[in-house]
Amino acid sequence: MESCAASILFCKRGKAELKKVVTPNDVYEYSLKHKDGRWGVLIQPLVVGLCPTDEAGGNRDFPPGSTRSFADSKNPAVAGHEFIGKVVRVNKNAQKKLSERNIAVGDIVAVDINIGCGECFPCRRGDPPLYCKGGATFLGVGTSPGAFWVKKQTGREHLPGAYTTGFVVAPARNVYKIPLKNVKNVNQLAVFSQTDAVACAKTSCDAMGITTFKQMRGFGDPAMLVIGSGRVGAWHVAVAKELLPNTQIFLADIDKENLTTVGNLFDIPEERRYLVSANSKNPYARKSLEAHFGKNILFDFVVDAAGHHTLSGRVIMQILRESTAKGGVFCTTSHTGVNRIDAGDPELILGMKRFLNGLSPQNNFEYAVSFLAKNIKKYEPFVKEIKGGLNETLAHIVETGGGEYKKQMEGTTFYSVVNDIDFLK
Ligand SMILES: [Zn+2]
Ligand SMILES: [Zn+2]
Numbered sequence: 070m071e072s073c074a075a076s077i078l079f080c081k082r083g084k085a086e087l088k089k090v091v092t093p094n095d096v097y098e099y100s101l102k103h104k105d106g107r108w109g110v111l112i113q114p115l116v117v118g119l120c121p122t123d124e125a126g127g128n129r130d131f132p133p134g135s136t137r138s139f140a141d142s143k144n145p146a147v148a149g150h151e152f153i154g155k156v157v158r159v160n161k162n163a164q165k166k167l168s169e170r171n172i173a174v175g176d177i178v179a180v181d182i183n184i185g186c187g188e189c190f191p192c193r194r195g196d197p198p199l200y201c202k203g204g205a206t207f208l209g210v211g212t213s214p215g216a217f218w219v220k221k222q223t224g225r226e227h228l229p230g231a232y233t234t235g236f237v238v239a240p241a242r243n244v245y246k247i248p249l250k251n252v253k254n255v256n257q258l259a260v261f262s263q264t265d266a267v268a269c270a271k272t273s274c275d276a277m278g279i280t281t282f283k284q285m286r287g288f289g290d291p292a293m294l295v296i297g298s299g300r301v302g303a304w305h306v307a308v309a310k311e312l313l314p315n316t317q318i319f320l321a322d323i324d325k326e327n328l329t330t331v332g333n334l335f336d337i338p339e340e341r342r343y344l345v346s347a348n349s350k351n352p353y354a355r356k357s358l359e360a361h362f363g364k365n366i367l368f369d370f371v372v373d374a375a376g377h378h379t380l381s382g383r384v385i386m387q388i389l390r391e392s393t394a395k396g397g398v399f400c401t402t403s404h405t406g407v408n409r410i411d412a413g414d415p416e417l418i419l420g421m422k423r424f425l426n427g428l429s430p431q432n433n434f435e436y437a438v439s440f441l442a443k444n445i446k447k448y449e450p451f452v453k454e455i456k457g458g459l460n461e462t463l464a465h466i467v468e469t470g471g472g473e474y475k476k477q478m479e480g481t482t483f484y485s486v487v488n489d490i491d492f493l494k
């Protein structure tokens, strides 16, 4: 395998560049010598999805306390964590594990970039990588503080991501096969770059109790308010509707375009769409919500998909107190957490109301792949290509989180093609 490849990487905090840097071939070799070859799958990325977490990784905002270095040329901070690619090389150990799941060299796969040590109690029994006692590492994003097992297993402190003409390296367990039966073009293939986002939405739905709502509560049409109709919000609506089809969705956003796109995609009636005015002082106060959605409405589920630092703890507490039904849940998807949530508030205690966060794919990759495979046609128009592949412009889009670009191009969900996709020609 080549030892160098053009890649988009962070050379310093917040600044990404396109450069030729070392591939993780050394990790593959190191793993064979030092730890039973756990890091035994090389994957050539084909399609990489645009996600602001790449920016967070480039600012060391995520994972919190990230130990990622930007100056080490032997360990470049290559970006890109939502991707699908082709399995190009496997070692013996990985081959055995992959063949048990019907995966072989040449297959197209999605990769769960959350990786645990594989050795501790939670890892051994199959818990999500995020539950690892040693701390997780995130391909293309960074390593949690204290996750010393990463260096021991790989020879590096953090692992590179998918914006590269080379390849990424991962353990067999983290690789999931993409069924190509209904994939006719690159745009349809790119739908699978959303596997991680869909898996995260499933985690939120499980955590909020949508998955088991009907069983537990005896009725099947709870009210769900989704704040933010961008990519993350849209996948939450999609998965909630799949799990509990009669869920009544209410949508709020300051962006008219997104509100219309997602509203139309899921047949959300006009009266359940709330275009939030940028000047509004308190758009989620009881009064404002009633003015748009009608009197008496209470929400069983509220999802904050508005992005980091948009809703404050004070606003969330207000929604929980005033507009959340008894037994209801507020779920944030913000990686950076929220301050000043008061679990001791009487309304929460007596009303059995909860606050939680849901943004990690847990063990939902398999669910997400089959969900997308079923719905390729529906979501194909929803994903758009950033033309030009790997170049400086893309490096800039990645380092800024893509917010400006998305606005300019009037879309929410974008991908880049980083290597030749020959099997669809
Ligand atoms: Zn992401
Ligand atoms: Zn572990």
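Numbering (this note's numbering), first residue to last: 70 to 494.
For every residue, glycine included, the Cβ atom is placed at its ideal position computed from N, Cα and C.
Would you say residue i and residue j are within 7 Å of each other, going by their C-beta atoms?
| i | j | result |
| --- | --- | --- |
| isoleucine 182 | alanine 464 | no |
| valine 117 | phenylalanine 79 | no |
| valine 244 | valine 159 | no |
| tryptophan 108 | proline 191 | no |
| isoleucine 337 | alanine 321 | no |
| valine 371 | leucine 313 | no |
| alanine 268 | proline 114 | no |
| threonine 206 | valine 219 | yes |
| phenylalanine 368 | threonine 329 | no |
| glycine 470 | proline 132 | no |
| valine 398 | methionine 277 | yes |
| lysine 104 | glutamine 222 | yes |
| serine 429 | isoleucine 455 | no |
| asparagine 128 | glycine 83 | yes |
| arginine 137 | alanine 146 | yes |
| alanine 148 | aspartate 123 | yes |
| valine 174 | leucine 111 | no |
| leucine 493 | valine 255 | yes |
For the beta strand (DSSP E) containing residue i, list its first residue and its last residue.
| i | result |
| --- | --- |
| valine 159 | 152-159 |
| phenylalanine 261 | No beta strand (DSSP E) contains phenylalanine 261, which DSSP labels as neither H nor E. |
| cysteine 80 | 73-81 |
| asparagine 327 | Per DSSP, asparagine 327 belongs to no beta strand (DSSP E); it is in the alpha helix (DSSP H), 325-334. |
| tyrosine 245 | 244-246 |
| asparagine 426 | 423-426 |
If you measure from the CB of residue i, is any heavy atom of ligand 1 nearer than 6 Å?
| i | result |
| --- | --- |
| threonine 264 | no |
| valine 120 | Rather than valine, the amino acid found at residue 120 in this sequence is cysteine. The answer is yes for cysteine 120. |
| glutamate 151 | yes |
Cβ-heavy atom distance between residue i and ligand 2 below 6 Å?
| i | result |
| --- | --- |
| glycine 299 | no |
| glycine 126 | no |
| glycine 332 | no |
| glycine 195 | no |
What first and last residue would you give for the alpha helix (DSSP H) that runs through residue i?
| i | result |
| --- | --- |
| cysteine 572 | Since the first residue of the chain shown is 70 and the last is 494, residue 572 is not available in this structure. |
| alanine 464 | 461-468 |
| tyrosine 474 | 472-478 |
| serine 357 | 355-362 |
| leucine 199 | Looking at the DSSP string, leucine 199 is not in any alpha helix (DSSP H), and its letter there is neither H nor E. |
| glutamate 416 | 415-419 |
| tyrosine 436 | 434-443 |
| lysine 102 | 94-103 |
Residues whose Cβ lies closer than 7 Å to any heavy atom of ligand 2, in chain order: Gly185, Cys186, Gly187, Glu188, Cys189, Pro191, Cys192, Cys201, Lys202, Gly203
At least three beta-carbon pairs within less than 8 Å, the stretch 298-307 to the stretch 476-485: yes
Three-pair Cβ contact test at 8 Å for the stretch 437-444 versus the stretch 410-425: no
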